[in-house]
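Note sheet for the following structure.
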Amino acid sequence: MTRKIKNERKLADSSYAPEIQKQKKKSIATPKLEVDLFNQILISNGIDAIQKFNQISKGKSVVEPSNDNTDQMDVDAMAVHFPEVILMDILSRLPVQSLLRFKCVSKFWETLISEPYFKMKHLSRAKNDQDSQKLLTSLRCRKNGICSMYCCPLSPVQLVEDVQKLDFPSNPTPLQCTIHCCYDGLAVMEVPDNLNEHSTFFLWNPSTRESIVLPSPEFPLDKSPCFGLGYDSTSGEYRIVQIYQGFDLPCEILALKGGSWRRSDKHPHGIYSLMFAVQFLTFVHAAFHWIGISRNYAVVVSFSISNEVYGEIPLQEEISVSRDVFGITVLDGMLCVHSNSLYDQSKHTIKLWVLKEYGIKESWIPLLSIEDPYIVIAIPKYRFADGEVLFRCGVGG
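In my numbering, the protein residues as written are 603 to 999.
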């Protein structure tokens, strides 16, 4: 079975990702929601940690009452000392909004929560937590034409209807917005001005509501680019890559610590990069991936984030010789190639293959095949624990 949704980007998690510095901006009034999405997340052992830590932050006793009449001493929270490793483990299980509040408990807590090691620990736990997965989507109001951002949970214990409206990272709220890519709970966004003559790029953390303005690409071409965001563990920084559809075109790279775009002196020789069915570059195994045509065969093109080396992952013949439109994404940490039979007007078929062992041609296996006369194109976004797949669909008559 499949689930469908339009106009969305998947956030890898609701993580407390690094690299974002708070940008001061005026708050935007939004209607109050009945469901506070972030505070509905519970830690895995079922303890009401949020309530306990709220009591600590207010200086109240956290000692549970006993069943007898023995007098109990009220404990000042500021005098309660946990071993740092235990405190870090507890805090790493909490949602981001709670962590932001608990920074006010003490200078020690603020320092601990702000440490890069703690942020990566929190991020790692959130990425492996099914209840932390969320979808970021932008919708344009039909009445006033203003673009709004929403976040909906992908948790099996929460409904898709439990959507939270987010304050926009720019002020005023724009009429248009493009979510180029997401990774580790961060989103690269582009907001054009009202005349569509200039665009502002943001790196935004929807969980913390922090954002920074990115420099605009320095070598734009008269083509629609495709972006990718990934983390380079070698240099310890996030990088953004931009490529164009066509033959032998170099990519542009923005290292966040460097602060400026540069053009790579390498490019995939003899490969035509396809961007038609690609929303953003897929990042897995420390490399960006997209579909290309090499010697009349479809292949997966890879680009290493650390040493900037191109590579090819061959597809099985049944996939590589097809005339269908291809795209690539990640499902359950594995590369997933999807095809749409646009040239067959009698039926529309969507097929998915996953790469069980990275880089091994023989490990491509079919995942599912769907026939639907109304779906023109379908891009898989997320696979649930029960095997159901969420698609972004384009529907025709």
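Glycine included, C-beta positions come from ideal geometry on N, C-alpha and C.
For W955, list the residues DSSP reports as bridge partners. V939, P968
Stretch pair the segment 824–834 + the segment 886–898: three plus CB contacts closer than 8 angstroms: yes
Using only the alpha-carbon positions, how far apart do Y904 and Q881 sit? As written in the sequence, residue 904 is Ser, which differs from the Tyr given in the question. The alpha-carbon atoms of S904 and Q881 are separated by roughly 16 angstroms.
Check whether the Cβ atoms of T780 and E792 lie closer than 9 angstroms to each other. yes
So, under 8 angstroms CB-CB, H869 and L851 are touching, yes? Tell me the CB distance rounded to an integer number of Å. 6 angstroms
Just checking my contact of P771 with S826 at CB under 8 angstroms: how many whole Å lie between their CB atoms? Not really, about 22 angstroms apart at Cβ, beyond 8 angstroms.
Start-to-end residues for the alpha helix (DSSP H) that takes in T739: Note, T739: premise wrong, no alpha helix (DSSP H); beta strand (DSSP E) at 736–742.
Measuring straight from C-alpha to C-alpha, what distance separates P765 and P755? Looking at the sequence shown, residue 765 is not Pro but Val. Each residue's Cα considered, the two are about 7 angstroms apart.
Report the partner residues of I915 according to the DSSP bridge assignment. V902
Tell me M722's beta-bridge partners as DSSP assigns them. BP columns for M722 are empty, so no partner.
Member of T713, D867, K709, Q735 whose CA lies at the smallest distance from the CA of P697: Q735
Can you tell me the Cα-Cα spacing of E717 and G861, whole angstroms? 22 angstroms
Taking the DSSP output, what are the residues bridged to W892? V903
Proximity to I921 [Cα-Cα], best of D934, M936, N909, L957: L957
Go to I842, then tell me how far its beta strand (DSSP E) extends in each direction, as first and last residue. 839–845
With a cut-off of 8 angstroms on the beta carbons, I'd call S875 and Q847 a contact; round off their distance for me. 6 angstroms
Outcome for L803 when other beta-carbon atoms lying within 10 angstroms are tallied against a minimum of 16: For the sequence presented, residue 803 should be read as Phe rather than Leu. Buried is the call here.
Span separating the alpha-carbon of Q918 from that of I952: 17 angstroms
If you follow the alpha helix (DSSP H) that R703 is in, where does it begin and where does it stop? 698–704
Among the residues of its own chain, which have a CB less than 6 angstroms from the CB of M594, if the five just before and after it don't count? The structure shown does not extend to residue 594, since the chain is modelled only from 603 to 999, so the question has no answer here.
For Q766, the three-state DSSP class (helix, strand or coil): strand
Option in V911, N807, C784 with minimal Cα separation from C828: C784
Kindly indicate which residue of I977, V707, I981, I688 has the alpha-carbon position closest to the one of L954. I981
Going by other Cβ atoms of all chains shown within 10 Å of its Cβ, with 16 needed for buried, is G838 buried or exposed? exposed
For L970 and D988, the rounded distance between their alpha carbons: 14 angstroms
Counting C-beta neighbours from all protein chains within 10 Å, is the total for Y719 16 or more, i.e. buried, or is it exposed? exposed
Can you tell me the Cα-Cα spacing of E820 and V843, whole angstroms? 13 angstroms
For R897, name the three-state secondary structure that DSSP assigns. coil
Between which two residues does the alpha helix (DSSP H) harbouring V687 extend? 686–693
Do you know whose CA, among F849, P776, D733, lies nearest I748's CA? P776
In whole angstroms, what is the alpha-carbon distance linking P975 and S943? 11 angstroms
Any idea which residues DSSP pairs F885 with across the strands? F890
M751 versus N807: straight-line alpha-carbon distance, rounded: 12 angstroms
In this structure, how does DSSP classify F710 when only helix, strand and coil are distinguished? helix
By how many angstroms is the C-alpha of G929 removed from the C-alpha of V978? 14 angstroms
May I ask you to list the residues that DSSP assigns as paired with D834? E839
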